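Those letters in the sequence shown? Residues 1 to 650, by full-length UniProt numbering.
Data first, discussion second: the structure below is written as structure tokens.
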Amino acid sequence: MGDICFEPIASSKKAEKISTSLGHGLWQVREIRLASASGILLLLSWILGFGEVPELVTTSLNLGALAISSWTFAPSTLRKLSKGKVGVGTLMTIAAIGALALGQLEEAALLTFLYSISEGLEEYSLISTRHGLRALLDLVPKEATVLQNHAEVKVSPDDLKPGDILVVRPGERFSADCRILNGRTNLDASALTGESVPVEAGPNDVVYAGTINGPGPVEAEVTSSAENNSLAKIVQIVEREQSRKGQSQRLADSIASKLVPGILIMGVLIVIYGFVIGEPTIWFERALVVLVASSPCALAISVPVTVVTAVGAATKIGVLIKGGGALEIMGKVRNVALDKTGTLTRNRPVVIEVACAAKATKEQVLSLAAGLEARSEHPLAKAILEACPNPAAVTDVQSIPGAGIEGKFNNLVVRLGRPGWITSAGLDEKILAMQTIGATAVLVELGGEVIGAIAVRDELRPEANEVISHLNSDGYKTMMLTGDNWATAKAIGLAAGISEVYADLRPENKADIIREAKKRGITAMIGDGVNDAPALATADIGIAIGAMGTDVAIETADVALMGENLNYLPEVLDHARRTRVIMLQNLVLSLALIGILIPLSLFGFVGLATVVLVHNLAEILVILNGVRSGRIFTHREIKLPSFSLELNRS
């Protein structure tokens, strides 16, 4: 079949060139144009055949049709044969030559004409589905405005380099990945992440190429070149990973590669049999028909079309699926493990309560805690600092790994850390109450005496409960993995609707639990792609959430949810499930067709033209069926047949 491949695109100029050349029309495909020319000659020959036209004219027209249509596959077939490779094109070439040897010029021309149509349809289906992915690059505007010597200058996005200062007005798209320097605005990144709600942005916030600026003009510093921006990386990664073939695709390739040599041997045996019984012409003709009947055209194209269409559809909602392997495994998932922080929760903890010892005040507890955390990058530190605008002047601050942080205040040692490292004398009940409502409790100690406890809670994502409910109702076994204490983990799990909760875990412990889950069935792990890297790598399928702009997440995970909306998780799992059913349908149809046509051809019930026509109709059918995987249902739309759910769970 026709080979379709693309080199990585590194710039908007190349994107523009490819978008123009591909278009969306069927006429842009070379094989379709050649097949059309061949078809016109065949039609003209057939019409003239009813009149008193010299046979030389119709013969010439048929030869022209044969030459034009065979050009779509014969050259590539010969190149492959020179390397010792045989394929479907080999069968068609042999069949056409054999028909000529029997004097069946019209049949040979019709055979190559119909096959060239199937070649064109295959190429068009693959190009058109990949075109949606390539359209991401068109999100970069054709011009960018930069500040040079205090003046605004228009330049090509390809000429931008890190350090340039972009000026982006309301309604304009950002031409590169950048960091806002001046101005506040709302950003629409729906084309990249699938999330339709604009987000507020100001100084030091990161913006990705293709994002639409809202009402406020901003100045931003470029952080990546055109070939390395987020859009280019997405396209490059997906196209590279599409070469990773799933089990069904490998099965189709394996059957096709072994089937062709077997078909050739069978054809030779049929011809020998014809000579043995004294009817070489009849059986030679039947051997040619059997060759065509056995050709795995539909089988070869059935899975690739489905995979490319499904991957392209997922990209449009901000989900990157790395090829057929990841897609098919995801369609068989039974267990779904989710990290807590940043996955089920917002990863934006806030202080919800402060409990004080008898001699301390809330302000004193928060002030000392904020003084210790003033230079920390820990999420809890940010929450404490936001709760206390006036931190105490704590000196000699040092971190104690796995425990907390300590320093000096008025020559007294002040410490902040987890219960156990700091004795919770007198605050045990309050700490337990904090943990029961899903908060993380940290203690503050001054001069060896506990003065208070601070409850910090990372709130559940608003969609988390609905998402878990959807997964549970679809038959997935859900579990939560976290490094938090049991009381906090249990409260969060209960609020989310997850009954199987694992707490007090280190990264390697999460990987161990995933290994155990895999014994029960195909397991997916959903995390942030960085802290959960061991578990993501151990799982059958690793899914990173909020991966836009995070190289580690995109590279290490099998699937990346570019935005932070957890709703896309059940949608993409359902999408993979449905796609796998379509793959299996195409495989069964393709193999059944070959199984039916071979005996009919062998015993002379169907001729060459009929077999070619049936094969081409089958190809069109599997392509149309595969294209159905281009639709992703929302939670409200999806209604999968019960047989498909059972098939995927087996």
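Think of the CB as a built atom: it goes at the ideal place given N, C-alpha and C, for glycine as much as any other residue.
All values reported here derive from a predicted model rather than from experimental measurement.
Open item on the list: Am I right that L416 and G426 are in contact with their C-beta atoms under 8 Å? What's the rounded C-beta distance?
Closed with: At roughly 17 Å, the Cβ-Cβ gap does not stay under 8 Å, so L416 and G426 are not in contact.
Task: Through-space distance from S76 to N335, alpha-carbon basis - done: Each residue's CA atom was taken as its position, placing N335 and S76 some 45 Å apart.
Task: R184 and G163 closer than 8 Å at C-beta - done: In this structure, the beta-carbon distance from R184 to G163 does not fall below 8 Å.
Task: Residue interval of the alpha helix (DSSP H) (run including Y502) - done: For Y502, no alpha helix (DSSP H) run applies; the uninterrupted beta strand (DSSP E) run containing it begins and ends at 500-502, by DSSP.
Task: Given 8 Å, three or more beta-carbon pairs between the region 454-462 and the region 504-523 - done: No, because fewer than three Cβ pairs between the region 454-462 and the region 504-523 fall closer than 8 Å, the two stretches do not touch.
- [ ] Can you give me the start and stop residues for the beta strand (DSSP E) that Q28 sits inside?
- [x] Per DSSP, Q28 belongs to no beta strand (DSSP E) and is neither H nor E.
Task: Pairwise C-alpha distance: L327 and R631 - done: Roughly 15 Å between the two C-alpha positions.
- [ ] Below 6 Å CB to CB, which residues in the same chain sit around M92 once its five sequence neighbours on both sides are set aside?
- [x] Sequence-distant partners of M92 (beyond 5 residues in either direction) whose C-beta falls short of 6 Å from its own C-beta, in its chain, are Y115.
TODO: Would you mind sorting F633 into buried or exposed? The rule is 16 or more other CB atoms within 10 Å of its CB.
DONE: With fewer than 16 other beta carbons inside 10 angstroms of its own, F633 counts as exposed.
Open item on the list: Quick check on the DSSP output: the alpha helix (DSSP H) that includes T579 runs from which residue to which?
Closed with: Per DSSP, T579 belongs to the alpha helix (DSSP H) from 568-602.
- [ ] State buried or exposed for D159, treating a residue as buried only when at least 16 other CB atoms are found within 10 Å of its CB.
- [x] The Cβ neighbour count for D159, taken over all protein chains shown within 10 Å, is under 16; the residue is labelled exposed.
- [ ] Give me the Cβ distance between I468 and G497, rounded to the nearest whole Å; I'm assuming they're in contact under 8 Å.
- [x] Confirmed, Cβ separation roughly 4 Å.
Open item on the list: By the three-class DSSP mapping on this structure, what secondary structure does L640 have?
Closed with: Low confidence applies here, because L640 scores a pLDDT of 37, under 50, leaving its location unreliable; read the following figure in that light. In the structure shown, L640 sits in coil (DSSP, three-state: anything other than H, G, I, E or B).
Open item on the list: Let me confirm a value: N149 is counted as buried when at least 16 other C-beta atoms fall within 10 Å, else exposed. Which label applies?
Closed with: Counting Cβ neighbours within 10 Å, N149 comes out exposed, since fewer than 16 surround it.
TODO: Could you name the residues of the same chain whose beta carbon sits closer than 7 Å to that of P349, not counting the 5 residues immediately before and after it, in chain order?
DONE: Taken in chain order, the residues that qualify are P379, L380, A383, V456, R457, D458.
Task: For E386, the nearest candidate out of I352, Q398, T361, A358 (CA to CA) - done: That would be I352, whose Cα lies nearest to the Cα of E386.
Open item on the list: Can you find the residues in the same chain that come closer than 7 Å, C-beta to C-beta, to S175, ignoring five residues on each side of it along the sequence?
Closed with: Excluding residues up to 5 positions away in sequence, V140, P141, A144, P157, L160, L166, A209 lie with their Cβ nearer than 7 Å to the Cβ of S175 in the same chain.
Open item on the list: Helix, strand or coil for P507? Go by DSSP, reduced to three states.
Closed with: When secondary structure is reduced to three states using DSSP, P507 falls in the helix class.
TODO: Classify R520 as buried or exposed, calling it buried when 16 or more other Cβ atoms lie within 10 Å of its own Cβ.
DONE: Its Cβ having fewer than 16 others within 10 Å, R520 is exposed.
Task: Inter-residue spacing [alpha-carbon to alpha-carbon] between R375 and S230 - done: Within the model, the alpha-carbon separation for R375 versus S230 is close to 30 Å.
TODO: With R179 as the anchor, note down where its beta strand (DSSP E) starts and where it stops.
DONE: Start and end: 178-182.
- [ ] Output the residue ranges of the alpha helix (DSSP H) runs that lie fully inside the region 339-365 and measure 4 residues or longer, sorted by chain position.
- [x] DSSP runs (the alpha helix (DSSP H)) wholly in the region 339-365: none.
Open item on the list: Contact defined as beta carbons within less than 8 Å: I believe V354 pairs with L372. What is the distance between those atoms, to the nearest angstrom?
Closed with: Incorrect: roughly 15 Å between the Cβ atoms, too far for contact.
Open item on the list: Could you pull the DSSP bridge partners for I405 from this structure?
Closed with: According to DSSP, I405 bridges with S399, L416.
Task: Touch test, the region 93-105 against the region 275-294, Cβ-Cβ under 8 Å, three pairs minimum - done: With a cut-off of 8 Å, the region 275-294 and the region 93-105 count as touching, because enough Cβ pairs lie within range.
TODO: Go ahead and pull the three-state DSSP assignment for R457.
DONE: Of the three classes helix, strand and coil, the one that applies to R457 here is strand, per DSSP.
TODO: Could you have a look at R631 and say whether DSSP puts it in helix, strand or coil?
DONE: R631 falls in the coil class under three-state DSSP.
TODO: In the DSSP assignment, find the unbroken beta strand (DSSP E) run with K161 in it and report its ends.
DONE: Taken as a continuous stretch (DSSP letters only), K161 belongs to no beta strand (DSSP E), as it is neither H nor E.
- [ ] Could you check if L320 is buried or exposed, using at least 16 other CB atoms within 10 Å of its CB as the buried criterion?
- [x] That one is buried.
Open item on the list: For the ligand MN, is there any heavy atom lying closer than 7 Å to the beta carbon of L443?
Closed with: With respect to the ligand MN, the structure shown offers nothing to examine, as it has no ligands at all.
Open item on the list: For A151, tell me which candidate among I437, E219, L624 has the shortest Cα-Cα distance.
Closed with: Restricting attention to I437, E219, L624, the CA atom closest to the CA of A151 is found in E219.
Task: Under the three-state DSSP convention, the category R375 falls into - done: Correct three-state label for R375: coil.
- [ ] Kindly indicate which three-state DSSP category D528 falls into: helix, strand or coil?
- [x] Reduced to three states, the DSSP call for D528 is coil.
- [ ] Tell me where the beta strand (DSSP E) around E445 begins and ends.
- [x] Run containing E445: 440-446, per the beta strand (DSSP E) assignment.
Task: Limits of the beta strand (DSSP E) - the one that E463 falls within - done: From DSSP, E463 is part of no beta strand (DSSP E); its letter is neither H nor E.
- [ ] Report the rounded CA-to-CA distance for S295 versus T112, giving the unit in angstroms.
- [x] About 14 Å.
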